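Engineer: Got a structure for you, written out below as C-alpha coordinates; questions coming shortly.
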Amino acid sequence: MRKPIIGLIVPLLFLAAGSSSAFAQEQTERYIPIGYSPGISGKYAYLGEITAVDAANRTITVQSEAGSRTIRIVEQTRIWLDRSTLRQTNTPGTYGDLEVGLTVEIKYVDYERKDTASWVKVAVR
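Just so we're on the same page, this note's numbering is the position in the sequence shown counted from 1, plus 54.
Structural data, given as C-alpha coordinates:
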(Lines of atoms letter the chains of each structure in order from A and count residues from 1; the text may use other names and numbers.)
(Lines give C-alpha, C1' and ligand atoms only; values in the text may rest on other atoms or scores of the structure.)
Protein backbone atom coordinates (compact mmCIF):
# COMPACT_ATOMS: atom_id res chain seq x y z
CA MET A 1 0.00 0.00 0.00
CA ARG A 2 2.82 2.44 0.79
CA LYS A 3 4.77 1.84 -2.43
CA PRO A 4 2.03 3.12 -4.77
CA ILE A 5 1.56 6.23 -2.62
CA ILE A 6 5.30 6.94 -2.54
CA GLY A 7 5.47 6.33 -6.30
CA LEU A 8 2.84 9.03 -6.74
CA ILE A 9 4.17 11.54 -4.21
CA VAL A 10 7.84 11.54 -5.24
CA PRO A 11 7.26 12.67 -8.86
CA LEU A 12 4.86 15.36 -7.66
CA LEU A 13 7.50 16.68 -5.26
CA PHE A 14 10.07 16.90 -8.07
CA LEU A 15 7.57 18.69 -10.29
CA ALA A 16 6.73 21.19 -7.55
CA ALA A 17 10.40 21.82 -6.74
CA GLY A 18 11.27 22.54 -10.38
CA SER A 19 8.43 24.95 -10.99
CA SER A 20 9.00 26.85 -7.77
CA SER A 21 12.62 27.80 -8.50
CA ALA A 22 11.64 30.46 -11.06
CA PHE A 23 8.95 31.72 -8.70
CA ALA A 24 11.47 31.84 -5.84
CA GLN A 25 13.93 33.87 -7.95
CA GLU A 26 11.18 36.35 -8.77
CA GLN A 27 10.17 36.65 -5.10
CA THR A 28 13.72 37.22 -3.83
CA GLU A 29 14.27 40.11 -6.26
CA ARG A 30 12.47 42.39 -3.84
CA TYR A 31 15.34 41.96 -1.36
CA ILE A 32 18.25 42.50 -3.75
CA PRO A 33 19.55 46.05 -4.39
CA ILE A 34 19.75 47.49 -7.91
CA GLY A 35 22.65 46.03 -9.88
CA TYR A 36 23.20 42.99 -7.64
CA SER A 37 20.75 40.35 -8.92
CA PRO A 38 22.81 37.15 -9.30
CA GLY A 39 22.87 35.94 -12.89
CA ILE A 40 20.69 38.83 -14.09
CA SER A 41 22.36 42.19 -13.38
CA GLY A 42 24.83 43.12 -16.08
CA LYS A 43 23.64 40.28 -18.33
CA TYR A 44 19.87 40.17 -18.71
CA ALA A 45 18.83 43.46 -17.11
CA TYR A 46 18.96 47.07 -18.24
CA LEU A 47 20.22 49.71 -15.81
CA GLY A 48 19.77 53.41 -16.39
CA GLU A 49 17.96 56.64 -15.58
CA ILE A 50 14.34 57.39 -16.42
CA THR A 51 14.22 60.25 -18.94
CA ALA A 52 10.50 60.13 -19.81
CA VAL A 53 7.26 58.68 -18.43
CA ASP A 54 4.27 58.18 -20.75
CA ALA A 55 1.29 57.38 -18.52
CA ALA A 56 -1.14 57.10 -21.46
CA ASN A 57 0.87 54.25 -23.02
CA ARG A 58 2.30 52.95 -19.70
CA THR A 59 5.89 53.23 -20.93
CA ILE A 60 9.09 54.67 -19.56
CA THR A 61 12.16 55.76 -21.48
CA VAL A 62 15.45 54.83 -19.86
CA GLN A 63 18.88 56.21 -20.78
CA SER A 64 22.12 54.31 -20.13
CA GLU A 65 25.63 54.32 -21.57
CA ALA A 66 24.36 51.84 -24.18
CA GLY A 67 21.64 54.21 -25.39
CA SER A 68 17.98 54.96 -24.81
CA ARG A 69 15.14 52.43 -24.65
CA THR A 70 11.40 52.73 -24.26
CA ILE A 71 9.95 49.94 -22.15
CA ARG A 72 6.33 48.94 -21.55
CA ILE A 73 5.10 48.45 -18.00
CA VAL A 74 2.23 45.94 -18.08
CA GLU A 75 -0.22 44.84 -15.40
CA GLN A 76 1.99 41.84 -14.51
CA THR A 77 5.17 43.93 -14.14
CA ARG A 78 6.41 43.91 -10.55
CA ILE A 79 7.80 47.21 -9.32
CA TRP A 80 10.10 47.31 -6.29
CA LEU A 81 11.25 50.45 -4.50
CA ASP A 82 14.94 49.88 -3.70
CA ARG A 83 15.49 51.56 -0.34
CA SER A 84 18.87 49.94 0.36
CA THR A 85 20.67 53.31 0.35
CA LEU A 86 18.36 54.35 3.20
CA ARG A 87 19.24 51.10 5.02
CA GLN A 88 15.62 50.00 4.76
CA THR A 89 13.98 46.98 3.15
CA ASN A 90 12.56 47.24 -0.35
CA THR A 91 8.83 47.68 -0.73
CA PRO A 92 6.35 47.07 -3.56
CA GLY A 93 5.81 50.07 -5.80
CA THR A 94 3.40 51.20 -8.49
CA TYR A 95 3.63 52.78 -11.92
CA GLY A 96 3.18 56.14 -10.19
CA ASP A 97 6.55 55.68 -8.46
CA LEU A 98 8.38 55.78 -11.81
CA GLU A 99 9.60 59.36 -12.14
CA VAL A 100 12.03 61.15 -14.44
CA GLY A 101 15.52 61.24 -12.96
CA LEU A 102 15.28 58.03 -10.94
CA THR A 103 17.69 55.14 -11.50
CA VAL A 104 16.05 51.85 -12.45
CA GLU A 105 17.02 48.27 -13.20
CA ILE A 106 14.72 46.40 -15.56
CA LYS A 107 14.44 42.71 -16.32
CA TYR A 108 12.64 42.02 -19.58
CA VAL A 109 9.81 39.55 -20.14
CA ASP A 110 11.60 38.56 -23.38
CA TYR A 111 15.31 39.39 -23.43
CA GLU A 112 15.47 39.17 -27.24
CA ARG A 113 12.70 41.74 -27.80
CA LYS A 114 13.64 44.03 -24.87
CA ASP A 115 10.36 45.91 -24.93
CA THR A 116 8.34 44.81 -21.86
CA ALA A 117 9.42 44.74 -18.21
CA SER A 118 9.02 41.64 -16.07
CA TRP A 119 10.17 43.63 -13.04
CA VAL A 120 11.51 47.10 -12.33
CA LYS A 121 13.59 48.14 -9.35
CA VAL A 122 13.50 51.86 -8.63
CA ALA A 123 16.19 53.60 -6.55
CA VAL A 124 14.51 55.69 -3.89
CA ARG A 125 16.24 58.94 -2.97
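Beta carbons: idealized from backbone N, C-alpha and C, even for Gly. Just so it is clear, the structure is predicted and the values come from calculations on it, not from any experiment.
Note down, in chain order, each residue of its chain lying with its Cβ closer than 8 Å to the Cβ of ALA171, except the 5 sequence neighbours on either side.
Structural biologist: By 1-based counting over the sequence shown, the position of residue 171 is 117. Same-chain partners within the cutoff: ILE125, ARG126, ILE127, VAL128, THR131, ILE160, LYS161, TYR162, VAL163.
Engineer: Is it true that the CB of LEU135 sits closer than 8 Å to the CB of VAL176?
Structural biologist: By one-based count along the sequence shown, residue 176 stands at place 122. By one-based count along the sequence shown, residue 135 stands at place 81. Against a cut-off of 8 Å, the Cβ pair of LEU135 and VAL176 comes out as a contact.
Engineer: Just mark ALA99 as buried or exposed, buried being the case when its beta carbon has 16 or more other beta carbons within 10 Å.
Structural biologist: The sequence position of residue 99 within the sequence shown is 45, counting from 1. Its Cβ being crowded by 16 or more others within 10 Å, ALA99 is buried.
Engineer: Among the residues of its own chain, which have a CB less than 7 Å from the CB of GLY147, if the five just before and after it don't count?
Structural biologist: The residue labelled residue 147 in the question sits at position 93 within the sequence shown. Once the five neighbours on either side are set aside, the close Cβ partners of GLY147 are ILE133, TRP134, LEU135, VAL176.
Engineer: Could you tell me which of GLY102, TYR90, THR157 sits nearest to SER122, measuring between CA atoms?
Structural biologist: As a first step, residue 122 must be located in the sequence shown, where it is residue number 68. When only C-alpha atoms are compared, the closest one is GLY102.
Engineer: Where do the N-terminal and C-terminal ends of the beta strand (DSSP E) with SER138 fall, by residue?
Structural biologist: Here residue 138 is taken as the residue at index 84 of the sequence shown, counted from 1. First-last for SER138: undefined, no H or E at that position.
Engineer: With a CB to CB cut of under 6 Å and the five nearest residues on each side skipped, what residues in its chain are close to THR157?
Structural biologist: Start at 1 with the first residue of the sequence shown, and residue 157 comes out as number 103. Excluding positions up to five away in sequence, the list reads GLU103, ALA177.
Engineer: Using DSSP bridges, identify the partner residues of LEU152.
Structural biologist: Taking the sequence shown and counting its residues from 1, the one referred to as residue 152 is at position 98. Paired residue(s): none; LEU152 is not in a bridge.
Engineer: Can you round the beta-carbon distance between VAL154 and THR105 to whole angstroms, since I take them to be within the 8 Å contact cut?
Structural biologist: On the sequence shown, position 100 is the one that residue 154 refers to. On the sequence shown, position 51 is the one that residue 105 refers to. Their Cβ separation, rounded to whole angstroms, is 6 Å, which keeps VAL154 and THR105 in contact under 8 Å.
Engineer: If you draw a straight line from the C-alpha of ALA78 to the C-alpha of TYR85, how long is it?
Structural biologist: For the purposes of this step, residue 78 is identified with residue 24 of the sequence shown, where counting begins at 1. For the purposes of this step, residue 85 is identified with residue 31 of the sequence shown, where counting begins at 1. Confidence is the limiting factor: at ALA78 the pLDDT is only 46, short of 50, which leaves the residue's position unreliable and the question unanswerable from this model.
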